[in-house]
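S.K.: Here the sequence shown stands for residues 1 to 300, numbered as in the UniProt record's numbering.
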Amino acid sequence: MSEPRIGVSVVTMGDRPEQVEALLASVAMQDVRPSRVVVVGNGSPLPDYGSFPGLTDLAGGVTMLELDENLGCPGGRNEALDALAGFGDVDVVIELDDDGLLVDKDVFRKVRDLYAADPGLGIVGFRIADELGETQRRHVPRLRAKDPMRGGPVTAFLGGGHALSMRMLAETGPWPAEFFFTHEETDLSWRALDAGWKILYEPGLLLQHPRTSPARHAVYYRMTARNRVWLARRNLPVLLVPAYLGTWILLTVARTRSAAGLRAWAAGFAEGTRTECGERRPMRWGTVWRMTRLGRPPVI
Numbered sequence: 001m002s003e004p005r006i007g008v009s010v011v012t013m014g015d016r017p018e019q020v021e022a023l024l025a026s027v028a029m030q031d032v033r034p035s036r037v038v039v040v041g042n043g044s045p046l047p048d049y050g051s052f053p054g055l056t057d058l059a060g061g062v063t064m065l066e067l068d069e070n071l072g073c074p075g076g077r078n079e080a081l082d083a084l085a086g087f088g089d090v091d092v093v094i095e096l097d098d099d100g101l102l103v104d105k106d107v108f109r110k111v112r113d114l115y116a117a118d119p120g121l122g123i124v125g126f127r128i129a130d131e132l133g134e135t136q137r138r139h140v141p142r143l144r145a146k147d148p149m150r151g152g153p154v155t156a157f158l159g160g161g162h163a164l165s166m167r168m169l170a171e172t173g174p175w176p177a178e179f180f181f182t183h184e185e186t187d188l189s190w191r192a193l194d195a196g197w198k199i200l201y202e203p204g205l206l207l208q209h210p211r212t213s214p215a216r217h218a219v220y221y222r223m224t225a226r227n228r229v230w231l232a233r234r235n236l237p238v239l240l241v242p243a244y245l246g247t248w249i250l251l252t253v254a255r256t257r258s259a260a261g262l263r264a265w266a267a268g269f270a271e272g273t274r275t276e277c278g279e280r281r282p283m284r285w286g287t288v289w290r291m292t293r294l295g296r297p298p299v300i
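(1) Using the three-state DSSP reduction, which class does Gln19 fall into: helix, strand or coil?
(2) I'd like to confirm the pairing. Which residues does DSSP put opposite Met283 in its beta bridges?
(3) Helix, strand or coil for Ile199, going by three-state DSSP, please let me know.
(4) Given Cys277, which residues of its chain have a CB within under 6 Å of its CB, disregarding the five upstream and five downstream residues?
(5) Return the first residue and the last residue of the beta strand (DSSP E) that Phe126 is part of.
(6) For the candidate residues Asp89, Ala129, Gly122, Tyr115, whose alpha-carbon lies nearest to that of residue 309?
(7) Using DSSP bridges, identify the partner residues of Arg36.
(8) Find out if the Cβ-Cβ distance for the pair Gly14, Pro45 is shorter than 8 Å.
(9) Could you tell me the distance, in whole angstroms, from the CA atom of Gly133 to the CA atom of Arg274?
(10) To the nearest angstrom, report how far apart Arg36 and Leu96 are at their CA atoms.
(11) Hey, how far is the Cα of Ala267 from the Cα of Trp175?
(12) List the endpoints of the continuous beta strand (DSSP E) containing Ile94.
(13) Does the Cβ of Gly204 have 16 or more other Cβ atoms within 10 Å, making it buried, or fewer, making it exposed?
(14) For the alpha helix (DSSP H) containing Gly61, list its first residue and its last residue.
(15) Helix or strand or just coil, what does DSSP make of Gly261?
(16) What do you reckon, are the CB atoms on Val124 and Pro4 nearer than 8 Å?
(17) Check residue 301 in the structure and name its three-state DSSP category.
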């Protein structure tokens, strides 16, 4: 892919207008111009970003989509992807959390050059760091996560800041909207790997993001468990489903210190076993072996 054209997607619930403005300003300062910028109001109205300073030269300025209801993070991103695909002038979409910030001016250029150099590259994950430059362990997409500056091929990526090939998405399909929150990145990663695409963690691509805990969301425990079951049912060979879920049952019991959280997790797990999870497409055993060689077999 020579000189791929960059699109940008930001999904917000309308409760962080100052952060979104700062993020858009950091997009405007990039030394490679995006072809399109789409901001999605996920069940909320949006301020007038259409003529945002520094982005007025884009075709149509900033495109704003105001959804009538909150479709969750993956559902909102799918709306932006549909809009970008409809424009026909985007090859790679960069999706950014609404409270993130691009500190460096060359992020888009680095993304463009990575995709130009490797037509098999499907997903590029950014390094997530707080205002002090520290990266939480859970934000490093590998099991041995002590060094956040060690990049390379991986089996997963962080949803806060990443790039996706539009060609890949045309083959794998979009985000699993039914997940609403948590594990949607893993679902997309597994489908991408099974289709033969590469996932790269590139720590030189920095998204500054406030230090947070996913458990701050009231639905965290239930949806984490439900979506974990859905993930396995949708994507894993039958023999690996009990191994994967059994591993995570043990890890959750060992790690969770909240009795209420464990009860919510158990309810979510039960929900995941009895409800529809979408189309089942079990990955090939060759993909299992590829993930194992990359250091993370799909049992953990």
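C-beta: ideal position from N, C-alpha, C; glycine also.
On a predicted model such as this, the values are computed, not experimentally measured, just so you know.
M.R.: Taking the geometry as given:
(1) If DSSP states are grouped into helix, strand and coil, Gln19 belongs with the helices.
(2) Note: Met283 sits in no beta bridge, so no partner.
(3) Looking at Ile199 - three-state DSSP - the assignment turns out to be strand.
(4) Here the set comprises Trp230, Arg233, Arg234.
(5) Here the beta strand (DSSP E) through Phe126 covers 121-129.
(6) Lying before the first or after the last residue shown, residue 309 is absent from the chain, which here runs from 1 to 300.
(7) Note: Arg36 sits in a beta bridge opposite Gly7.
(8) Contact: yes.
(9) Spanning the two alpha carbons is a distance of roughly 43 Å.
(10) Linking Arg36 to Leu96 through their CA atoms gives a straight-line distance of about 14 Å.
(11) The C-alpha of Ala267 lies about 24 Å from the C-alpha of Trp175.
(12) Note, Ile94: beta strand (DSSP E), 92-97.
(13) By the 16-neighbour rule on beta-carbons within 10 angstroms, Gly204 is exposed.
(14) Annotation for Gly61: no alpha helix (DSSP H) segment contains it, and DSSP assigns it neither H nor E.
(15) Residue state, collapsed to three classes: helix.
(16) Contact flag unset, no.
(17) One cannot answer for residue 301 here, as it falls past the ends of the chain, which runs 1 to 300.
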